[in-house]
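> What follows is a structure written as structure tokens; I'll ask about it next.
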Amino acid sequence: GAVVSQHPSRVICKSGTSVKIECRSLDFQATTMFWYRQFPKQSLMLMATSNEGSKATYEQGVEKDKFLINHASLTLSTLTVTSAHPEDSSFYICSARDWSGGGKNIQYFGAGTRLSVL
Amino acid sequence: GENVEQHPSTLSVQEGDSAVIKCTYSDSASNYFPWYKQELGKGPQLIIDIRSNVGEKKDQRIAVTLNKTAKHFSLHITETQPEDSAVYFCAASNRYSGGGADGLTFGKGTHLIIQP
Chain A
1 GAVVSQHPSR
11 VICKSGTSVK
21 IECRSLDFQA
31 TTMFWYRQFP
41 KQSLMLMATS
51 NEGSKATYEQ
61 GVEKDKFLIN
71 HASLTLSTLT
81 VTSAHPEDSS
91 FYICSARDWS
101 GGGKNIQYFG
111 AGTRLSVL
Chain B
119 GENVEQHPST
129 LSVQEGDSAV
139 IKCTYSDSAS
149 NYFPWYKQEL
159 GKGPQLIIDI
169 RSNVGEKKDQ
179 RIAVTLNKTA
189 KHFSLHITET
199 QPEDSAVYFC
209 AASNRYSGGG
219 ADGLTFGKGT
229 HLIIQP
């Protein structure tokens, strides 16, 4: 399957700082990428849909000024957690959609980023 | 919006036995149902998927069945092995093809434990 690279895998930061997470599709172009958040032993919750060249679409309850998304190219989307606080600590996972498989909505996931805010 | 229910939350089976995980969905417009396997500290990996115009799909020891009328789909793993131990998530989407950029709606996950 296609490869999605997510970086960093783990970050520890002080409260009030901003953290940027990168998501790259390595062997295919992704006009659409998705950002999910996962709490321990829970399911993935969609935060936002990142569209190349346009504004991201945020799910209800997700603060767009808190979680800035930029999808500047067909292979890169970034999520910036601004002014992070301890309650933002979580596992953030991106996925990229590959349409090349006969039109199937296949999403390939990155390995995730463990964010710990002190 | 879509709501996906997944059962059981934990499943323990003896190595070599079969495991079945079940999901139901609420949106009759959903037409694509992937299954993901997530190992500890890693992102989900797609293991099998099914479209709404197909009732069953098989890939070696893994199979998925879909009942559109009941809005129910299941993952079947036969001849389970220790490396099958992981958390499995079902998901649903109504964007099989064409335009649109909806994300997947996930079930809550099933922790599958293979007892040696």
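Those protein sequences? They're chains A and B, same order as listed.
The first sequence maps to residues 1 to 118 in my numbering.
The second sequence maps to residues 119 to 234 in my numbering.
Glycine is no exception: its CB is placed at the ideal position from the N, C-alpha and C atoms.
Secondary structure at T196(B), three-state DSSP: helix, strand or coil?
Three-state DSSP puts T196(B) in coil, outside helix and strand.
> So if I threshold CB-CB distances at 7 Å, which residues from the segment 186 to 210 of chain B count as touching chain A?
Residues passing the 7 Å Cβ filter: F207.
> Give the residues of chain B in contact with S111(A), contact being defined as C-beta atoms less than 9 Å apart.
What sits at residue 111(A) in the sequence shown is Ala, not Ser. Neighbours of A111(A) on chain B, chain order: G159, K160 and G161.
> Within 10 angstroms of its Cβ, does G216(B) collect 16 or more other Cβ (buried), or is it exposed?
Model confidence at G216(B) stands at a pLDDT of 37, short of 50, so the residue's coordinates are unreliable; what they give is reported in the following sentence. So G216(B) counts as exposed.
> Please identify the residue among F191(B), F224(B), Q233(B) and T223(B) whose C-alpha is closest to the C-alpha of D202(B).
The option with the nearest alpha carbon to D202(B) is Q233(B).
> At what residues does the beta strand (DSSP E) containing T187(B) begin and finish?
That residue, T187(B), is in no beta strand (DSSP E); it is neither H nor E in DSSP.
> Could you tell me how far apart the beta carbons of E174(B) and T183(B) are, in whole angstroms, since I believe they sit closer than 8 Å?
Rounded, the Cβ-Cβ distance is 5 Å, consistent with contact.
> Determine whether the Cβ of K226(B) lies closer than 8 Å to any Cβ atom of chain A.
Output row for K226(B): interface = yes.
> Note down, in chain order, each residue of its chain lying with its Cβ closer than 8 Å to the Cβ of N121(B), except the 5 sequence neighbours on either side.
Cβ neighbours of N121(B) beyond the five flanking positions: Y143, S144, D145 and T223.
> Counting only Cβ-Cβ distances shorter than 8 Å, please list the residues of the segment 17 to 28 of chain A near chain B, keeping chain order.
Within the segment 17 to 28 of chain A, no residue qualifies.
> Between K64(A) and I180(B), what straight-line distance do the alpha-carbon atoms span, to the nearest angstrom?
Computed Cα separation, rounded: 39 Å.
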